[in-house]
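Okay, structure first, notes after.
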Amino acid sequence: MADECIHGFDDGLCAICFPPKAPEPAPQPEPAARASRVPGRRPSAASLRAPVAKPARAKAGAGALSAPPIDAGAVRIYHVTHLDNLARILGAGALVPDAAGAAPLVDLSAPAVREFRRARAVDGTDAVIADYVPFLLTPDALVWNAVREGTPDPRLTAEAVERPAADHVMLVSSVAAARGAATADGAVAVSDVDAALPGAELAVAWPAVERMLRLLAHEQEAARLRTAEFLVRGEVPLERIALIAVGNERVRDRVRAALSAVGAKTRIAVYPPWFLPAED
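In the UniProt record's numbering, the protein residues as written are 1 to 280.
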């Protein structure tokens, strides 16, 4: 599948693999025609007083204002799990939240973090964090980088950072696909920090979620994007997963066999950079 876009889009629709052409420069106004001189005739006083047209100056920020708005629904989201957990996900036909009985064979979350998420209420809803399936907003998220680099992190089990990053898989979806037709407040939530951190504030009403996603998607907000978390309440059906990214062909073959066993058609992409230590 080397000819497929690794971000899960159809050919030609990915802004990364198929960058749009640079916009053509706006036409500049023609310089004002100079008054023709007739030999022996001096220009009239009226023509001397007439103003000369000057080229319009671009206003500061005009480029940003003319750029198309970010579609919050198209923002990509990423769920990382160990390869040994994939069979249970495929068997359930969905990503299942902790509170609904998810029981990973290889648990990435530290026990204290799981307990906190089971108790921490999501303001504005009747749910706790454990009622949600967690997603990252970038494959360069700090918590995932800890696994890639084998660096201890209080949010992760020791086993998580001791295992090779390439033994994990990344399930890729989009905000719109994961949200589905749900419109109630709290159907999805987003925070610019790990939702399990004390004092973390979550946006739960869709307009607030949309505003935060658009803010985080800007290039200058890359640092906040790496700490952010997107939450989807309830199960996320497998058909809402656009792509399963893996680090090498060995894992790809195992994922392909597992998908075939349940009759799933989810795309698989081998993309080693997401599974190697991040470059500074």
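Just so it is clear, CB atoms sit at the ideal spot from N, CA and C, and this is done for glycine as well.
How would you label residue i, buried or exposed, when you count the other beta carbons within 10 angstroms and need 16 or more for buried?
{"i": "ALA223", "result": "exposed"}
{"i": "ASP153", "result": "buried"}
{"i": "HIS79", "result": "buried"}
{"i": "PRO43", "result": "Low local confidence applies: a pLDDT of 49 at PRO43 is under 50, so the model's placement there is unreliable, with the coordinate-based value given in what follows. Counting Cβ neighbours within 10 Å, PRO43 comes out exposed, since fewer than 16 surround it."}
{"i": "GLY91", "result": "exposed"}
{"i": "GLY93", "result": "exposed"}
{"i": "GLU229", "result": "buried"}
{"i": "GLY186", "result": "buried"}
{"i": "SER260", "result": "exposed"}
{"i": "ASP126", "result": "exposed"}
{"i": "PRO277", "result": "exposed"}
{"i": "THR151", "result": "exposed"}
{"i": "ASP192", "result": "buried"}
{"i": "ALA121", "result": "exposed"}
{"i": "GLY247", "result": "buried"}
{"i": "PRO39", "result": "Here PRO39 scores only 49 on pLDDT, less than 50, and its place in the model should not be relied on; the value that follows carries that caveat. Flag for PRO39 reads exposed."}
{"i": "ALA245", "result": "buried"}
{"i": "LEU102", "result": "In the sequence on display, residue 102 carries Ala and not Leu. Buried, because 16 or more other Cβ atoms sit within 10 Å of the Cβ of ALA102."}
Give the DSSP bridge partners of residue i, in chain order.
{"i": "THR81", "result": "VAL169"}
{"i": "ILE268", "result": "ILE244"}
{"i": "LEU231", "result": "PRO134, ALA189"}
{"i": "PRO237", "result": "ALA94"}
{"i": "ARG76", "result": "SER174"}
{"i": "ALA203", "result": "VAL190"}
{"i": "ALA121", "result": "VAL128"}
{"i": "SER260", "result": "In the DSSP output, where bridge partners are listed per residue, SER260 has none listed."}
On the premise that residue j lies in contact with residue i, defined as a C-beta separation below 8 Å, what is that separation, rounded to the nearest angstrom?
{"i": "PRO97", "j": "ALA130", "result": "6 Å"}
{"i": "ARG179", "j": "VAL188", "result": "5 Å"}
{"i": "LEU108", "j": "LEU156", "result": "6 Å"}
{"i": "ILE241", "j": "ARG256", "result": "Not quite, the Cβ-Cβ distance comes to about 15 Å (not below 8 Å), so this is no contact."}
{"i": "HIS83", "j": "ASP167", "result": "According to the sequence as given, residue 83 is Leu; it is not His. Yes, they are in contact, since the Cβ atoms of LEU83 and ASP167 sit about 5 Å apart, within 8 Å."}
{"i": "PHE116", "j": "ALA196", "result": "5 Å"}
One question on the structure: do residue i and residue j come within less than 8 Å of each other, judged by their Cβ atoms?
{"i": "VAL251", "j": "VAL169", "result": "yes"}
{"i": "ARG226", "j": "ILE70", "result": "no"}
{"i": "PRO111", "j": "ASN85", "result": "no"}
{"i": "GLY73", "j": "ALA182", "result": "no"}
{"i": "VAL113", "j": "VAL236", "result": "no"}
{"i": "PHE275", "j": "ARG76", "result": "no"}
{"i": "GLU239", "j": "VAL270", "result": "no"}
{"i": "ASP194", "j": "VAL128", "result": "no"}
{"i": "ALA264", "j": "ALA87", "result": "no"}
{"i": "GLU172", "j": "LEU243", "result": "The sequence given here has Val at residue 172, not Glu. Yes; because the gap between Cβ atoms is below 8 Å, this pair is in contact."}
Query raised in the report: When the Cβ atoms of the region 187 to 203 are set against those of the region 160 to 172, are three or more pairs found closer than 8 Å?
Result: no
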